[in-house]
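Some notes on the structure that comes next.
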Amino acid sequence: MVALAGCTNAGPPWHLTNVSGHLPDLDFSLTGDDGRPVTGASFRGRASLVYFGYTHCPDVCPETMGRLMEVLAKLGPDAQKVRILFITVDPARDTPQALHDYVGAFDSKHAEGLTGTDWQIESLAKRYRVAYQMEKRDPNGNYEVTHSSAVYVFDAQGRARLLATDNDTPDAIAEDLRRIVDQRS
Numbered sequence: 001m002v003a004l005a006g007c008t009n010a011g012p013p014w015h016l017t018n019v020s021g022h023l024p025d026l027d028f029s030l031t032g033d034d035g036r037p038v039t040g041a042s043f044r045g046r047a048s049l050v051y052f053g054y055t056h057c058p059d060v061c062p063e064t065m066g067r068l069m070e071v072l073a074k075l076g077p078d079a080q081k082v083r084i085l086f087i088t089v090d091p092a093r094d095t096p097q098a099l100h101d102y103v104g105a106f107d108s109k110h111a112e113g114l115t116g117t118d119w120q121i122e123s124l125a126k127r128y129r130v131a132y133q134m135e136k137r138d139p140n141g142n143y144e145v146t147h148s149s150a151v152y153v154f155d156a157q158g159r160a161r162l163l164a165t166d167n168d169t170p171d172a173i174a175e176d177l178r179r180i181v182d183q184r185s
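Under UniProt numbering, the first residue of the sequence shown is numbered 1, with each subsequent residue one higher.
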C-alpha cells in the first residue's frame, strides 16, 4: 500500500467535473470584440473561463455572466490571472461591437466577446460538445437560441481542465479555479 500512495494524485477532489484529457486544448481562430483576429494561443498565460452564449439571451446568459462575476470577486487579486471568453452562438446578430457592449456591461477588464463565421462557431461548438439550436422566428423576425450552459475551465497553458454547470455554486467554482490558477504547469 505504501508504494501505491506515492502514485496517487495529491490534493482534494474537484468540486467541478474534471475533464482533463477528455476535451481538446483551447484552440480556435475567431474575431475578438475589438474586431481583431484572435486564436486560442492569444489567451495563454491566464486561466480561461469559456462560455457559449448570445447577447439577446433573456435569462441563462446574463445569469451565468453574473455568477462568473461573483467567482471573480471571490478570487480577489487572483482574478487578474483569469479571463472570461464569451463565445457567441448567434454570429448573425452578435457583431464585435454588440459583444463588446455586452461583456463590457459585466466586466470589460476580465471578459472578452468572440465571434466568427457560422462555420467557425459550429466547428468550435462541436469541438467542445456544445449543443445549440436556433428557434423559430416570431412575426417580427426575433428568435431565441437554445444552448448548453456549461462553463469550460482551461488552465494558463490552454488545457481543458474542468466543467462547471448551473448546479455548481460560485464558491465551488472559485475554489477549484484558485487551484488551477495556483498550479504552475
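Glycine included, C-beta positions come from ideal geometry on N, C-alpha and C.
Taking residue i as the reference, give the member of the options with the closest Cα.
i	options	result
residue 43	166, 154 and 147	154
residue 121	159, 104, 91 and 139	91
residue 146	39, 58, 22 and 45	58
residue 67	131, 106 and 17	106
residue 148	130, 45 and 163	130
residue 173	24, 28, 79 and 29	79
When the Cα atoms are used, what is the spatial distance from residue i to residue j?
i	j	result
residue 12	residue 69	25 Å
residue 170	residue 51	15 Å
residue 87	residue 77	25 Å
residue 141	residue 152	31 Å
residue 31	residue 60	23 Å
residue 46	residue 81	5 Å
residue 162	residue 179	11 Å
residue 6	residue 175	With a pLDDT of 42 at residue 6, under the threshold of 50, the predicted position of this residue should be treated as unreliable, though the coordinate-derived value follows. Residue 6 and residue 175: Cα-Cα distance of roughly 25 Å.
residue 38	residue 113	11 Å
residue 96	residue 167	30 Å
residue 14	residue 98	35 Å
residue 187	residue 101	A query on residue 187 cannot be resolved here, the shown segment of the chain reaching from 1 to 185 and no further.
Give the secondary structure of residue i by DSSP, where H, G and I count as helix, E and B as strand, and everything else as coil.
i	result
residue 186	For residue 186 there is no data in the structure shown, the boundaries of the chain being 1 and 185.
residue 117	coil
residue 56	coil
residue 147	strand
residue 48	strand
residue 108	coil
residue 89	coil
Counting C-beta neighbours from all protein chains within 10 Å, is the total for residue i 16 or more, i.e. buried, or is it exposed?
i	result
residue 36	exposed
residue 135	exposed
residue 137	exposed
residue 118	exposed
Does the distance from the CB of residue i to the CB of residue j come in under 9 Å?
i	j	result
residue 22	residue 160	yes
residue 71	residue 49	yes
residue 177	residue 75	yes
residue 115	residue 33	yes
residue 111	residue 84	yes
residue 158	residue 40	yes
residue 89	residue 65	no
residue 181	residue 164	no
residue 24	residue 128	yes
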